[in-house]
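Encoded as structure tokens, the structure appears first; notes follow it.
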Amino acid sequence: MTALNERQRTALANLARKKAGELVDWINIADARALTDLGFAERSQEGWDITPEGEAALKAELG
Numbered sequence: 072m073t074a075l076n077e078r079q080r081t082a083l084a085n086l087a088r089k090k091a092g093e094l095v096d097w098i099n100i101a102d103a104r105a106l107t108d109l110g111f112a113e114r115s116q117e118g119w120d121i122t123p124e125g126e127a128a129l130k131a132e133l134g
């Protein structure tokens, strides 16, 4: 499992909250791209979206 840094963890949590329909702060592009490289996010017309792999990684990170 790839360990996420604090910024990536925050971005991933924000993407999960966005998917749940919550309003979230802006996502740092570098962090979103790093998450995309890991397969945890994907680019969409609305920005970035969390992937199922990203949801699993966030769950693992949060214990």
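Residue numbers 72 to 134, in the numbering used here, belong to the letters of the sequence shown in order. In this text, a Cβ means the ideal position worked out from N, Cα and C, and glycines have one as well.
Three-state secondary structure assigned by DSSP to residue i
i: E113; result: strand
i: G118; result: strand
i: G125; result: helix
i: A82; result: helix
i: L94; result: coil
i: L75; result: coil
When the options are compared against residue i, the one with the closest alpha-carbon
i: D96; options: E113, L133, G118; result: G118
i: R78; options: P123, S115, Q116, R104; result: R104
Own chain, CB closer than 7 Å to residue i, minus 5 neighbours either side, in chain order
i: D120; result: L86, K90, A112, E113
Residues of its chain near residue i, where Cβ-Cβ distance is below 6 Å and the 5 sequence neighbours each way are ignored
i: A128; result: F111
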